[in-house]
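Number 58 in this note's numbering belongs to position 41 of the sequence shown; there are no gaps in the numbering.
All residues carry an ideal CB built from backbone N, CA and C; glycine is no exception.
These numbers come from a predicted model, not from an experiment.
Below is one structure, written out as structure tokens, with a few remarks after it.
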Amino acid sequence: MKKLMAAMMAAVLSMSLLTACGSAAEETAPAETATETTEETTTAELTTEEEAAPAEEAAAESSALADGVLNVGTNAEFPPFEYVNDNGEPDGFDIALIKAIGEKLGVEVQVDNMEFASLISSIGSKIDVSIAGMTVTDERKESVDFSNSYYNAVQYVILPEGSEIATADDLKGKAIGVQLGTTGDFIAEEIEDATTSQYNKAVDAVNDLANGRLDCVIIDKNPAMVFEAKFEGKVAAVDGAQFGFEPEDYAIAIPKGDTALADQINTALQELIDDGTFDSLVSQYIEEN
Ligand code: ARG
18 MKKLMAAMMA
28 AVLSMSLLTA
38 CGSAAEETAP
48 AETATETTEE
58 TTTAELTTEE
68 EAAPAEEAAA
78 ESSALADGVL
88 NVGTNAEFPP
98 FEYVNDNGEP
108 DGFDIALIKA
118 IGEKLGVEVQ
128 VDNMEFASLI
138 SSIGSKIDVS
148 IAGMTVTDER
158 KESVDFSNSY
168 YNAVQYVILP
178 EGSEIATADD
188 LKGKAIGVQL
198 GTTGDFIAEE
208 IEDATTSQYN
218 KAVDAVNDLA
228 NGRLDCVIID
238 KNPAMVFEAK
248 FEGKVAAVDG
258 AQFGFEPEDY
268 AIAIPKGDTA
278 LADQINTALQ
288 ELIDDGTFDS
298 LVSQYIEEN
């Protein structure tokens with residue numbers, strides 16, 4: 018009898034533990050939905066609360082900024098958003114944008130140039146956040162949160178000059194080059210009978226395309242246009258809408274659940290849009306390329 022009582026007690030105890038865990042998991046759910054990105058950066062609006070607290074004043078809130086440094090991971094193989102400049106430093110639109118955000122937050126920005134495919138798993142440990150022309154996807158949202166989106170993009174198809182590839186059907190069975198772990202990579206993997214070659218550096222894929230080793234390269238619009246100019250006369254960049262590719266949104270990836278940091282970054286981003294800094298960076302880095 019005593020044994021039975023003990024067994025029942027244990028069962029009750031473990032059940033209550035189970036329900037406790039269950040409700041804890043449920044509680045985290047609203048936080049995820051609260052950090053959903055908005056469709057268009059320019060239409061994003063500040064709440065009254067955010068207006069009352071300028072980005073810099075709120076800087077102490079996130080533990081990621083407690084040391085006065087924002088560690089940012091990027092992959093500087095993606096011009097005009099990020100590339101290594103003549104001084105060997107990561108540079109580009111994203112780098113200028115995150116530095117401007119850091120200034121608003123009153124913290125120093127340190128940029129770590131790493132492989133694109135390692136960025137997501139490094140957030141919250143090796144780096145605080147990542148800015149890397151990174152597309153918001155549902156799969157990535159399982160591991161990280163995203164800031165409001167700051168740029169609209171679409172995948173392009175880079176073809177050798179004179180190629181007859183023109184529709185989604187034409188891509189079937191082709192040799193496709195992509196940058197490892199990117200949305201271009203995910204699209205290529207879905208194409209029937211295609212052989213995908215994954216490169217760490219997008220430029221190496223374009224080089225192989227120019228040398229006849231690939232039928233096409235799938236990569237985001239603006240880098241595609243930069244590579245088209247770099248390999249002038251050898252390749253042509255074609256809008257992926259023609260192949261049925263969906264629009265994408267770039268955002269800054271943030272540790273999952275760090276809503277304080279997300280708020281601070283979003284507030285700073287909005288201030289940069291409102292004061293014209295954002296647009297001047299667009300014309301400086303993107304439109305002039
Ligand atoms: N937008 C694409 C993605 O998120 C490609 C980004 C590549 N960025 C880079 N810095 N290499 O998957």
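Apart from the five residues on each side of it in sequence, which residues of its chain come closer than 6 angstroms, Cβ to Cβ, to PHE98?
-> GLY109, PHE110, ASP111, GLY150
Starting from VAL101 and walking both ways along the beta strand (DSSP E), at which residues does that stretch end?
-> 99-101
Minimum length 3: unbroken beta strand (DSSP E) runs contained in the stretch 99-144 = 99-101, 125-130
Reference LYS158, options VAL252, LEU278, ILE269, LEU231, closest by Cα | ILE269
Find out if the Cβ-Cβ distance for the pair LEU176, VAL255 is shorter than 8 angstroms.
-> yes
Smallest Cα separation from GLU206: which of VAL220, LYS189, LEU226, LEU136?
-> LYS189
Output the distance between the C-alpha atoms of ASP296 and GLY261, rounded to the nearest integer angstrom.
-> 29 angstroms
Let me know the secondary structure DSSP gives LEU231 once reduced to three states.
-> coil
Beta bridge counterpart(s) of LEU87 as assigned by DSSP | VAL126
DSSP beta-bridge partners of LEU176 = ALA253
How about ALA279 and LYS251: do their beta carbons lie closer than 8 angstroms?
-> no
Compute the distance between the beta-carbons of ASP129 and ASN104, then report whether it is under 8 angstroms.
-> no
Sorry if obvious, but does the Cβ on THR199 come closer than 7 angstroms to a heavy atom of the ligand ARG?
-> yes
So which of GLU178, ASN217, GLN287, ASP292 has the shortest CA-CA distance to ASN92?
-> ASN217
Neighbourhood of THR294 by C-beta distance below 6 angstroms, restricted to the same chain and skipping five residues each side | ALA117
From which residue to which residue does the alpha helix (DSSP H) around VAL200 run?
-> The amino acid occupying residue 200 in the given sequence is Thr; Val does not appear at that position. 200-207 is the span of the alpha helix (DSSP H), which, as asked, contains THR200.
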